[in-house]
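Asker: My questions all concern the structure below.
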Amino acid sequence: MLKQSNITIDVHLANQDPDAVKDELRSGLLSKPRRLPTKYFYDDHGSALFEQICEVPEYYPTRTEHQLLKTVADDVVARTCAEELVELGSGAATKTRVLLDAMARTNRLRFYVPFDFSEGIVRRVAQELVEEYEGLHVHGVVGDFLAHLEHIPQGGRRLVVFLGGTIGNLGPEAAPAFLSSVAQEMDPGDFFLLGVQLITDVERLEAAYNDSAGLSAAFNKNILSVLKVVIGAEFDPDTFDHVARF
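Residue numbering for the sequence shown follows the numbering used here, starting at -14 and increasing by one per position.
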């Protein structure tokens, strides 16, 4: 745990056990459709790539959700009376600032809890936000939100948010189980805000995940580089092609 003035960082990701990761990969690759655990996208390099993806013209989900949040933020804050914002899969907390701003306008903002797989980005965001919001306390949690939800710190009246359509990264069995786990960690009076991506024009959707700058390709292939190191495998990630198809 790192603790300094109004920043606390809890790290719950121990060194990865290669055998456990191999079992996890084997299970995913034997499933139909095949899948890799999406948490491994978000090492420090993957998180940085995703930040860049959010800026490319083709990637509309972030801009769309940001605009929606600007429309509803004040109403959400008024309805929830939240004084603590907990964000699962927080990343760079770019859109979250819309909610933080709305909470600050009502003088309710006290705590922000960024929960992410990337320790580097949690530390960076914590430092940025305590400088941007006077009196804000940030309690960062570095962990896997499918395994470490019980480490979310207890606090006052909380708004728990899960944005970016990240729920879509979970399978049809994992998603309901995850939501049930979130509910178990919430107290009476807490609220949950979920961002989901609707099915839209297929051409537009596929373009969002196959941008002309090649950032989505680099992001998706980065998971291979991460897993290669974690399990000590011998293969060349560059021999794989990135294909985005709905």
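Beta carbons: idealized from backbone N, C-alpha and C, even for Gly.
These numbers come from a predicted model, not from an experiment.
Alpha carbon to alpha carbon, how far is ARG20 from GLY180?
Answerer: As a first step, residue 20 is located in the sequence shown; it is residue number 35 there, counting from the start. As a first step, residue 180 is located in the sequence shown; it is residue number 195 there, counting from the start. So the two alpha carbons sit approximately 22 Å from each other.
Asker: Between VAL71, SER103, PHE231 and PRO22, which has its C-alpha nearest LEU155's C-alpha?
Answerer: Translated into positions along the sequence shown, residue 155 becomes position 170. The shortest C-alpha separation from LEU155 is found at PRO22.
Asker: Identify every residue that forms a DSSP beta bridge with PHE100.
Answerer: Within the sequence shown, the letter at position 115 stands for residue 100. DSSP lists LEU73 and VAL126 as partners of PHE100.
Asker: Identify whether VAL83 lies in helix, strand or coil by the three-state DSSP scheme.
Answerer: Along the sequence shown, read from residue 1 onward, the residue named residue 83 stands at position 98. It is helical.
Asker: Measuring alpha carbon to alpha carbon, tell me which residue in THR81, VAL(-4) and LYS24 is nearest GLU9.
Answerer: Start at 1 with the first residue of the sequence shown, and residue 9 comes out as number 24. Of THR81, VAL(-4) and LYS24, the residue nearest in Cα terms is LYS24.
Asker: For VAL145, which three-state DSSP category applies?
Answerer: Start at 1 with the first residue of the sequence shown, and residue 145 comes out as number 160. Note: VAL145 maps to strand in three-state DSSP.
Asker: To the nearest angstrom, how far is it from the Cα of THR49 to the Cα of ASP223?
Answerer: Locating residue 49 in the sequence shown gives position 64, where the first residue counts as 1. Locating residue 223 in the sequence shown gives position 238, where the first residue counts as 1. For THR49 and ASP223, the distance between alpha carbons rounds to 32 Å.
Asker: Do you know whose CA, among GLN112, LEU148 and HIS122, lies nearest GLU68's CA?
Answerer: Translated into positions along the sequence shown, residue 68 becomes position 83. With distances taken between Cα atoms, GLU68 lies closest to HIS122.
Asker: For the putative contact between SER201 and ASN195, defined by C-beta atoms under 8 Å, what is the C-beta separation to the nearest angstrom?
Answerer: One-based indexing of the sequence shown puts residue 201 at position 216. One-based indexing of the sequence shown puts residue 195 at position 210. Right, the Cβ-Cβ distance comes to about 6 Å (below 8 Å), so this counts as a contact.
Asker: Measuring CA to CA, which of ARG93, ALA77 and GLY128 is closest to PHE102?
Answerer: The residue you call residue 102 lines up with position 117 of the sequence shown. Minimum Cα distance to PHE102 is reached at GLY128.
Asker: Do ALA111 and ILE184 count as a contact pair if the criterion is CB distance below 8 Å?
Answerer: Counting from one through the sequence shown, the residue named residue 184 turns up at place 199. Counting from one through the sequence shown, the residue named residue 111 turns up at place 126. No, they are not a contact pair.
Asker: What are the boundary residues of the alpha helix (DSSP H) that includes LEU15?
Answerer: As a first step, residue 15 is located in the sequence shown; it is residue number 30 there, counting from the start. Looking at the DSSP string, the run of the alpha helix (DSSP H) that includes LEU15 is 3 to 15.
Asker: Considering only the alpha carbon of each residue, which of ARG11, LEU(-2), GLY31 and LEU14 lies closest to VAL211?
Answerer: Against the sequence shown, residue 211 aligns to sequence position 226. Looking at the Cα atoms, GLY31 is the closest of the given residues.
Asker: Please report the Cβ distance between ALA192 and GLU43, rounded to the nearest whole angstrom; I am assuming they are in contact, meaning their Cβ atoms lie under 8 Å.
Answerer: Counting from one through the sequence shown, the residue named residue 192 turns up at place 207. Counting from one through the sequence shown, the residue named residue 43 turns up at place 58. Right, the Cβ-Cβ distance comes to about 5 Å (below 8 Å), so this counts as a contact.
Asker: Please identify the residue among ALA198, GLU40, ILE137 and LYS213 whose C-alpha is closest to the C-alpha of ASP172.
Answerer: Within the sequence shown, residue 172 is the residue found at index 187, counting from 1. The shortest Cα separation from ASP172 among ALA198, GLU40, ILE137 and LYS213 belongs to ILE137.
Asker: Cα separation between ASP175 and ALA203?
Answerer: For the purposes of this step, residue 175 is taken as the residue at position 190 of the sequence shown. For the purposes of this step, residue 203 is taken as the residue at position 218 of the sequence shown. Using only the alpha carbons, I get a separation of about 38 Å.
Asker: Quick one, which of HIS(-3), HIS133, LEU(-2) and ASP2 has its alpha-carbon nearest VAL215's?
Answerer: Position 230 of the sequence shown, counted from the start, is the residue given in the question as residue 215. The candidate whose alpha carbon is nearest that of VAL215 is ASP2.
Asker: Can you tell me whether DSSP reads THR(-7) as helix, strand or coil?
Answerer: Indexing the sequence shown from 1 puts residue -7 at position 8. Strand at THR(-7).
Asker: Give the straight-line distance between the Cα atoms of PRO46 and GLU119, rounded to the nearest whole angstrom.
Answerer: Residue numbering aside, residue 46 sits at position 61 when the sequence shown is read from its first letter. Residue numbering aside, residue 119 sits at position 134 when the sequence shown is read from its first letter. Straight-line Cα distance between these residues: approximately 30 Å.
Asker: Does DSSP put LEU179 in a helix, in a strand, or in coil?
Answerer: If you number the sequence shown from 1, residue 179 lands on position 194. Reduced to three states, the DSSP call for LEU179 is strand.
Asker: Helix, strand or coil for ARG64, going by three-state DSSP, please let me know.
Answerer: Locating residue 64 in the sequence shown gives position 79, where the first residue counts as 1. ARG64 falls in the helix class under three-state DSSP.
Asker: Quick check: the Cα distance between GLY199 and ASP221, rounded to an integer number of angstroms?
Answerer: Along the sequence shown, one-based indexing puts residue 199 at 214. Along the sequence shown, one-based indexing puts residue 221 at 236. About 18 Å.
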